[in-house]
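Step one of this worksheet: look at the structure below.
Protein chains: 2
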Amino acid sequence: MIIKLNTASSTPIYVQLRNQIVMGIGRGDLKIGQGLPTVRQMAEDIGINMMTVTKVYTILKNEGFIEIDRRHGAKIKPTALLTDNFSEKIESELALLITESSLKGIEKEHFLKMCAEMFDRLNISQVAGGNI
Amino acid sequence: MIIKLNTASSTPIYVQLRNQIVMGIGRGDLKIGQGLPTVRQMAEDIGINMMTVTKVYTILKNEGFIEIDRRHGAKIKPTALLTDNFSEKIESELALLITESSLKGIEKEHFLKMCAEMFDRLNISQVAGGNI
DNA sequence: TTATTTGTATTATAAATTATAATACAAATA
DNA sequence: TATTTGTATTATAATTTATAATACAAATAA
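Order-wise, the sequence lines are chains A and B.
Going by this note's numbering, the first residue of the first sequence is number -14, and it counts up by one from there.
Going by this note's numbering, the first residue of the second sequence is number -14, and it counts up by one from there.
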């Protein structure tokens, strides 16, 4: 998967990398069970510090999106558990986004259509190397 | 309107204040045409520095949510113009939120229902001091 | 076994961001 | 005229972000 970082952005590099990996899983670029590059390899590939990659992998592990095993490396998990924390995070972020959209004149039906299309574009049920 | 800041949060105070004002407009707590407290008054009310409030008002002005006139102070604008920048911001944030939700097992229909309910809860067409 | 690779930890450093503080000033208002 | 307004400037401190250089035990590969 291709990672593109914007060092001029106000969004920290570690957040950009975290988001792009999550989006990669959602799009199906990163399949369930698939291994991520080692922290050193990823750091070299995208030209950032090893510790920044470690930070991202730790975040993704804590969020339940990947699992890290010393024997098998970092791998994409089948399904992440929905915690109360994450549920609240999603709801508050969505409420803000909807308020902003509405204030900007985006109508309910248009917004719902956008959401539906984005959902249909996802490909998260695939498994690396064929079916289970 | 009541502003609640969490200094323990990792979200900067100026972002918290900006978001709460936007949500206040969306909920109808802050009505169109209504004036915001002066930067000094707001700073005193919520116990933060005057320059931090200035920063927030400037952001809200640049985003088109309020207008600042030396003669009439800061006021909520009727409708904010949807720029390309804001449109892209909303789309990328929504895409990330939908991907995260899907990976956490939230299904499309449930997500759409949440969105619809949040839209219905908004009250942005009200005007301060009666109709126009 | 030995050498290498792995994730992880530690310490140090630098730059950028965030927040406060103390003033200052011109425009507008009372 | 005196006060209030948004805005600007400068300084300072704390926190966050990112890099750098090592180190180490566990696992793997030779």
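Backbone N, C-alpha and C define an ideal beta-carbon position, used for all residues, glycine too.
With 16 other Cβ atoms within 10 Å as the buried cut-off, status of residue i
i	result
A/Lys98	exposed
A/Glu85	buried
B/Gln5	buried
B/Ser(-5)	exposed
B/Ser87	buried
A/Leu66	exposed
A/Ile75	buried
B/Val24	buried
B/Gly32	exposed
B/Arg106	exposed
Cutoff 8 Å: residue i Cβ touching any chain B Cβ
i	result
A/Val7	yes
A/Gly32	no
A/Ile10	yes
A/Thr64	yes
A/Met(-14)	no
Neighbour flag for residue i against chain A, beta carbons, 8 Å
i	result
B/Ile53	no
B/Leu15	no
B/Asn70	no
B/Leu21	no
B/Ala101	yes
Cα-Cα separation between residue i and residue j, rounded to whole angstroms
i	j	result
B/Asn108	B/Arg55	28 Å
A/Lys93	B/Phe104	6 Å
A/Asp69	A/Ala28	32 Å
A/Lys89	A/Ile53	42 Å
A/Leu45	B/Val112	45 Å
A/Lys(-11)	B/Pro22	42 Å
B/His57	B/Thr37	21 Å
Reduced DSSP secondary structure (H/G/I, E/B, other) of residue i
i	result
B/Lys93	helix
B/Asp69	helix
B/Glu48	coil
B/Asp54	strand
A/Lys74	helix
A/Ile61	strand
A/Ile(-13)	coil
B/Gly20	strand
| field | Near-chain A residues of the region 73 to 97 of chain B - C-beta to any C-beta below 8 Å | value | Ile75, Glu76, Glu78, Leu79, Ala80, Leu81, Leu82, Ile83, Thr84, Glu85, Ser86, Ser87, Leu88, Lys89, Gly90, Ile91, Lys93, Phe96, Leu97
| field | Interface residues of the region -9 to 7 of chain A facing chain B [CB-CB below 8 Å] | value | Asn4, Val7
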